[in-house]
Amino acid sequence: MRRVLILGGTAEARALAGELTERGVRVVSSLAGRVTDPRLPIGEVREGGFGGPDGLAAWLRAERIDAVVDATHPFAARMTASAVEAAARTGVPLLILRRPGWHEGPGDAWLRVPTLREAAESIGAGDRVFLTTGRRSLPVFSHSSDAWFLARSVDPPEPPVPANVHVILSRGPYTVEGELALIRDHRLGVLVTKDSGGSMTTAKLVAARRAGIRVIMVDRPPPPPDQLCVGTVAEAADWAQG
Numbered sequence: 182m183r184r185v186l187i188l189g190g191t192a193e194a195r196a197l198a199g200e201l202t203e204r205g206v207r208v209v210s211s212l213a214g215r216v217t218d219p220r221l222p223i224g225e226v227r228e229g230g231f232g233g234p235d236g237l238a239a240w241l242r243a244e245r246i247d248a249v250v251d252a253t254h255p256f257a258a259r260m261t262a263s264a265v266e267a268a269a270r271t272g273v274p275l276l277i278l279r280r281p282g283w284h285e286g287p288g289d290a291w292l293r294v295p296t297l298r299e300a301a302e303s304i305g306a307g308d309r310v311f312l313t314t315g316r317r318s319l320p321v322f323s324h325s326s327d328a329w330f331l332a333r334s335v336d337p338p339e340p341p342v343p344a345n346v347h348v349i350l351s352r353g354p355y356t357v358e359g360e361l362a363l364i365r366d367h368r369l370g371v372l373v374t375k376d377s378g379g380s381m382t383t384a385k386l387v388a389a390r391r392a393g394i395r396v397i398m399v400d401r402p403p404p405p406p407d408q409l410c411v412g413t414v415a416e417a418a419d420w421a422q423g
């Protein structure tokens, strides 16, 4: 039976695991283990890192994997780089599944920046900021002492949390009404987010448009050059089925 490794942790990865299982493909889904109580896909699940490209290459050989689909988060550049290197070493075919990014529409006020640091530098004194870039990004914004942050993440950030940061723990999907209530109740004037794409968290962008607040959008890293990349689960399933 054909055996496929899905580097997962995203909604697309879970959907792909289900689709391939229905098609009779044996799937192993790998989760990095950085989120407490993650949503688990159908089929076999492996949690934890591989130890870089060397460890992943050794695992691919030992487990006799026929193909790899990298369906990690669009900002998981290190994992993608390891997958590309390991696949090249072992000769195992690799596909990158990346959901399309977000695009500015009528009524939006976006500033696109290439890095989190530039996003932090774009925050002004006195700004009240809705920060949705993940708990590991908080240190990048810690120098912005003249601003106030409402930071949302699935798991608590590592202490110490700066005094000007209020953390709420939550997992999507979210509603436009709920996001508007956060903006209104906390008097937020700026949304800082990553161009993750997908539908689970688009409500914050709609809410920002309706509330008339500006958005600082951190661009996603580009995929590795010359690497096969698709944008839908259907395309990935057809490829992985062989």
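If you want the numbering used here, it's the 1-based position in the sequence shown plus 181. Ideal placement from N, C-alpha and C gives every residue a C-beta, glycine not left out. All values reported here derive from a predicted model rather than from experimental measurement.
Grab me the residues of residue i's own chain with a C-beta within less than 8 Å of its C-beta, minus the 5 sequence neighbours each way, in chain order.
| i | result |
| --- | --- |
| MET381 | ALA192, GLY353, PRO354, TYR355 |
| ARG395 | ALA290, TRP291, LEU292, GLY370, VAL371, LEU372, ALA389 |
| ARG298 | VAL321 |
| GLY233 | SER263 |
| GLU244 | ARG184, LEU186, VAL209 |
| GLY383 | Note on identity: in this sequence residue 383 is Thr, with Gly being the wrong assignment. Cβ neighbours of THR383 beyond the five flanking positions: TRP283. |
| GLY236 | GLY230 |
| ARG368 | ARG309 |
Could you check what DSSP says for residue i in three-state terms: helix, strand or coil?
| i | result |
| --- | --- |
| LEU372 | strand |
| GLU200 | helix |
| LEU363 | helix |
| GLU225 | strand |
| VAL206 | coil |
| ARG395 | strand |
| ALA415 | helix |
| ALA290 | coil |
| LEU409 | coil |
| ALA248 | strand |
| ARG183 | coil |
Less than 6 Å between C-beta atoms, sequence neighbours within five positions excluded: which residues of the same chain meet that for residue i?
| i | result |
| --- | --- |
| GLU339 | none |
| LEU186 | VAL209, ILE246, VAL249 |
| TRP329 | ARG309, ASN345 |
What do you get for residue i, buried or exposed, if any count of 16 or more other CB atoms within 10 angstroms of its CB means buried?
| i | result |
| --- | --- |
| MET182 | exposed |
| ILE349 | exposed |
| GLY315 | buried |
| LEU201 | buried |
| LEU409 | exposed |
| GLY288 | exposed |
| ASP419 | exposed |
| GLU360 | buried |
| LEU166 | The structure shown does not extend to residue 166, since the chain is modelled only from 182 through 423, so no value can be given for it. |
| ALA268 | buried |
| PRO341 | exposed |
| SER351 | exposed |
| PRO255 | buried |
| ARG279 | buried |
| GLY214 | exposed |
Do you know how far the Cα of residue j is from the Cα of residue i?
| i | j | result |
| --- | --- | --- |
| SER334 | ALA344 | 17 Å |
| HIS284 | GLY205 | 36 Å |
| HIS347 | ASP407 | 42 Å |
| ASP336 | LEU275 | 31 Å |
| ALA417 | GLY393 | 38 Å |
| ASN379 | ALA198 | In the sequence as displayed, the identity of residue 379 is Gly instead of Asn. GLY379 and ALA198: Cα-Cα distance of roughly 18 Å. |
| ALA301 | SER325 | 7 Å |
| GLY307 | ILE364 | 16 Å |
| LEU319 | GLY230 | 23 Å |
| PRO405 | ARG259 | 11 Å |
| ASP327 | ILE304 | 9 Å |
| VAL226 | GLY423 | 21 Å |
| THR253 | VAL357 | 26 Å |
| PHE311 | PRO295 | 19 Å |
| SER211 | VAL387 | 32 Å |
| GLY190 | PRO219 | 8 Å |
Using C-beta distances below 7 Å, list every residue in its chain close to residue i, excluding the 5 sequence neighbours before and after it, in chain order.
| i | result |
| --- | --- |
| THR271 | ALA238, LEU241, ARG242 |
Quick one: does the C-beta of residue i sit closer than 7 Å to a heavy atom of the ligand HEM?
| i | result |
| --- | --- |
| ILE397 | This structure simply doesn't include the ligand HEM, nor any ligand for that matter. |
Would you mind listing the alpha helix (DSSP H) stretches within the region 250-282 that are 4+ residues and don't spill past its ends, in chain order?
258-271
Where in the region 306-350 do unbroken runs of the alpha helix (DSSP H), each at least 4 residues long, occur, reported from the N-terminal end onward?
319-322
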